[in-house]
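Participant:
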Amino acid sequence: MTATTRGVAGSQARTVQRTDVGSTAQQPKRRSRTKPSGFVQWQALTGRALWTMLTKGELLVAVIAPLIFTVGFYLPLKFVMGLQGIDYAQFLMPIIVLQAMAFTAISAAQRASAEAMSGLNSRLKTMPVVRGVPLVSRISSGVVRSLVSLVSALGFGYVIGFRFTAGFGQALLFCALAMLISTTLSIGADAIGTLSKSPEATSQVLTLPQLILGMASCGFVPESGFPELIRPFVRNQPISQFSFAMRDMAEGGVTFQVLWPSLAWIAGLIVFFVPLAIWASSRPE
360 MTATTRGVAG SQARTVQRTD VGSTAQQPKR RSRTKPSGFV QWQALTGRAL
410 WTMLTKGELL VAVIAPLIFT VGFYLPLKFV MGLQGIDYAQ FLMPIIVLQA
460 MAFTAISAAQ RASAEAMSGL NSRLKTMPVV RGVPLVSRIS SGVVRSLVSL
510 VSALGFGYVI GFRFTAGFGQ ALLFCALAML ISTTLSIGAD AIGTLSKSPE
560 ATSQVLTLPQ LILGMASCGF VPESGFPELI RPFVRNQPIS QFSFAMRDMA
610 EGGVTFQVLW PSLAWIAGLI VFFVPLAIWA SSRPE
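Counting from 360, one number per residue, gives the positions in the sequence shown under this note's numbering.
(1) Going by C-alpha distance, which of M574, S576, F579 and G547 is nearest V564?
(2) Less than 9 Å between the C-beta atoms of S500 and A537, yes or no?
(3) Can the beta-carbon of Q429 be found less than 9 Å from the beta-carbon of G516?
(4) Within this structure, are the beta carbons of V613 and A525 separated by less than 9 Å?
(5) Quick check: what's the CA-CA separation for V580 versus T405?
(6) Quick one: give me the first and last residue of the alpha helix (DSSP H) that F603 is part of.
(7) Leaving out five residues before and five after G491 in sequence, what residues of the same chain have Cβ atoms less than 6 Å from its Cβ?
(8) With burial defined as no fewer than 16 other Cβ atoms inside 10 Å of the residue's Cβ, what is the status of V630: buried or exposed?
(9) Report buried or exposed for A626, applying the criterion of at least 16 other Cβ atoms within 10 angstroms of its Cβ.
(10) Write down the C-beta distance between F533 and M605 rounded to the nearest angstrom, noting that I regard them as a contact closer than 8 Å.
(11) Do you know whose CA, among Q400, I589 and G611, lies nearest P493's CA?
(12) Our contact map puts S583 next to S599 with C-beta atoms below 8 Å; I'd like the distance itself, whole angstroms only.
(13) Quick check on DSSP: helix, strand or coil for S396?
(14) With a 10 Å radius around its C-beta and 16 neighbouring C-beta atoms as the bar for buried, classify Q443 as buried or exposed.
(15) For my contact list, L544 and A464 are in at a C-beta cut-off of 8 Å; report their separation, rounded to the angstrom.
(16) So, are the CB atoms of A550 and A471 less than 9 Å apart?
(17) Give the straight-line distance between the Cα atoms of Y433 and A421, rounded to the nearest whole angstrom.
(18) Rounded C-beta distance between A609 and M452? I'm assuming under 8 Å.
(19) From the DSSP output, in three-state form, read off V518 for me.
(20) For V503 and L409, which I take to be in contact (beta-carbon distance under 8 Å), what is that distance rounded to the nearest angstrom?
(21) According to DSSP, simplified to helix, strand and coil, what is V502?
(22) Do S562 and A461 come within 9 Å of each other at the CB atom, strictly closer than that value?
(23) Determine whether the beta carbon atoms of T511 and L457 lie at a separation below 9 Å.
(24) Quick one: what does DSSP say V380 is sitting in, helix, strand or coil?
(25) Beta carbon of I454, beta carbon of G578: below 9 Å?
(26) Would you call the CB atoms of L418 and V488 closer than 9 Å?
(27) Quick one: grab the DSSP three-state call for G406.
(28) Mapping the DSSP letters down to three states, classify P435 as helix, strand or coil.
(29) Return the residue from the list L588, S602 and S557 that minimises the CA-CA distance to L572.
(30) I need the straight-line Cα distance from V593 to P586, nearest angstrom please.
(31) Just to confirm the assignment: which complete alpha helix (DSSP H) runs, minimum length 4, are found wholly within the region 520 to 602?
Now the structure itself:
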């Protein structure tokens, strides 16, 4: 190779090197895509659930259901209970609220099973979604539904003559206990719905215990209205204990002696339902 040829080759190499350096310097830096925070993901999923509830009429059902419970429970027994000297509007209000809260829990189970059946849960597990956010978003939307149903039940209760006579603090405690019960039941119902993947089967499974515990409780009639043999069960089962506490909150004020069995039942249900719901929501499909 001649000196002239080597000079030309070296010149071309330096030109190519300068061109590569210049093109590299001119290339824009790629920005790393930030992962949305868990709070943002929760907002998005909860907003989606609330919009679906609104457009499909689920919030309207949450308003109408307490009306059906109020009319169906109050009118048939009002006269009979009045003969016994019982203000049935005051006596019945806790079970109306509890039935409304149980109904919202069943609705939560149906939503969870529908999402599991549609494959939404599986898709979310393949996306960079913070673990537990889908479950929390479903429970959050259920809390909104429960709040709407609670306000509706209290409104219809006032129409039939129910009143809070123990003061604002006891009324607030009444509402807080109702929401705590509803949220606890919704967590358990969400687990059952997620595992079953069948809205129809889920509704049937959850409706039967609600009816049995509701009818065999002191929410509709006093304990003396039941046969002696089943009175211990009727008196100590959770619906009766919730009714006792809420009835005292509405009129006279509740004492810790009356309240603690309800809190014990709720604590036991939370200990059982929360791990079950977390496992059902996060288990591999």
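Note that the Cβ used here is the ideal one computed from N, Cα and C, for glycine as well.
Facilitator: Considering the structure as presented:
(1) For this step, residue 564 is matched to residue 205 along the sequence shown. Ranking the options by Cα distance to V564, first place goes to G547.
(2) Here residue 500 is taken as the residue at index 141 of the sequence shown, counted from 1. Here residue 537 is taken as the residue at index 178 of the sequence shown, counted from 1. Against a cut-off of 9 Å, the Cβ pair of A537 and S500 comes out as no contact.
(3) As a position in the sequence shown, residue 429 is number 70, starting the count at 1. As a position in the sequence shown, residue 516 is number 157, starting the count at 1. Correcting the residue type first, residue 429 is Thr in the shown sequence and not Gln. The answer is yes: Cβ separation under 9 Å.
(4) One-based indexing of the sequence shown puts residue 613 at position 254. One-based indexing of the sequence shown puts residue 525 at position 166. Yes, they are a contact pair.
(5) Working through the sequence shown from its first residue, we reach residue 580 at position 221. Working through the sequence shown from its first residue, we reach residue 405 at position 46. Cα to Cα, V580 sits roughly 39 Å from T405.
(6) As a position in the sequence shown, residue 603 is number 244, starting the count at 1. P597 to A609 is the extent of the alpha helix (DSSP H) around F603.
(7) For the purposes of this step, residue 491 is taken as residue 132 along the sequence shown, with counting starting at 1. So no residue of the chain qualifies.
(8) To locate residue 630, count along the sequence shown from 1; it is residue 271. The residue is exposed, with fewer than 16 neighbouring Cβ atoms inside 10 Å.
(9) Locating residue 626 in the sequence shown gives position 267, counting from the first residue. Result: exposed.
(10) Position 174 of the sequence shown, counting from 1, holds the residue named residue 533. Position 246 of the sequence shown, counting from 1, holds the residue named residue 605. At roughly 6 Å, the Cβ-Cβ gap stays under 8 Å, so F533 and M605 are in contact.
(11) Position 134 of the sequence shown, counted from the first residue, corresponds to residue 493. Taking only the C-alpha atoms, the option nearest P493 is Q400.
(12) What you label residue 583 is simply residue 224 of the sequence shown in a count that begins at 1. What you label residue 599 is simply residue 240 of the sequence shown in a count that begins at 1. The Cβ separation is near 13 Å, so there is no contact.
(13) Within the sequence shown, residue 396 is the residue found at index 37, counting from 1. S396: coil per DSSP, three-state reduction.
(14) On the sequence shown, residue 443 is found 84 positions in, with the first residue counted as 1. Exposed.
(15) Within the sequence shown, numbered from 1, the residue matching residue 544 stands at position 185. Within the sequence shown, numbered from 1, the residue matching residue 464 stands at position 105. Correct: roughly 4 Å between the Cβ atoms.
(16) For this step, residue 550 is matched to residue 191 along the sequence shown. For this step, residue 471 is matched to residue 112 along the sequence shown. The answer is yes: Cβ separation under 9 Å.
(17) In the sequence shown, the residue the question calls residue 433 occupies position 74. In the sequence shown, the residue the question calls residue 421 occupies position 62. Taking the straight line from one Cα to the other gives about 19 Å.
(18) Residue numbering aside, residue 609 sits at position 250 when the sequence shown is read from its first letter. Residue numbering aside, residue 452 sits at position 93 when the sequence shown is read from its first letter. Contact holds; Cβ gap of about 6 Å.
(19) Residue 518 sits at position 159 when you count from the first residue of the sequence shown. Helix, per DSSP.
(20) Mapped onto the sequence shown, residue 503 falls at position 144. Mapped onto the sequence shown, residue 409 falls at position 50. Confirmed, about 6 Å.
(21) Along the sequence shown, one-based indexing puts residue 502 at 143. If DSSP states are grouped into helix, strand and coil, V502 belongs with the helices.
(22) For the purposes of this step, residue 461 is taken as the residue at position 102 of the sequence shown. For the purposes of this step, residue 562 is taken as the residue at position 203 of the sequence shown. Cβ atoms of A461 and S562: not closer than 9 Å.
(23) Along the sequence shown, one-based indexing puts residue 511 at 152. Along the sequence shown, one-based indexing puts residue 457 at 98. Note on identity: in this sequence residue 511 is Ser, with Thr being the wrong assignment. Result no, Cβ atoms of S511 and L457 do not sit closer than 9 Å.
(24) As a working note, residue 380 is residue 21 in the sequence shown. Any reading at V380 must be qualified, since the residue scores a pLDDT of 46, below 50, and its modelled position is unreliable; the value itself is stated next. If DSSP states are grouped into helix, strand and coil, V380 belongs with the helices.
(25) For the purposes of this step, residue 454 is taken as residue 95 along the sequence shown, with counting starting at 1. For the purposes of this step, residue 578 is taken as residue 219 along the sequence shown, with counting starting at 1. Going by C-beta atoms, I454 is nearer than 9 Å to G578.
(26) For the purposes of this step, residue 418 is taken as the residue at position 59 of the sequence shown. For the purposes of this step, residue 488 is taken as the residue at position 129 of the sequence shown. Going by C-beta atoms, L418 is not nearer than 9 Å to V488.
(27) As a position in the sequence shown, residue 406 is number 47, starting the count at 1. Correct three-state label for G406: helix.
(28) Indexing the sequence shown from 1 puts residue 435 at position 76. Helix at P435.
(29) In the sequence shown, counting from the first residue as 1, residue 572 sits at position 213. It is S602 whose Cα lies nearest to the Cα of L572.
(30) In the sequence shown, the residue the question calls residue 593 occupies position 234. In the sequence shown, the residue the question calls residue 586 occupies position 227. Spanning the two alpha carbons is a distance of roughly 10 Å.
(31) 527 to 555, 558 to 574 and 590 to 595
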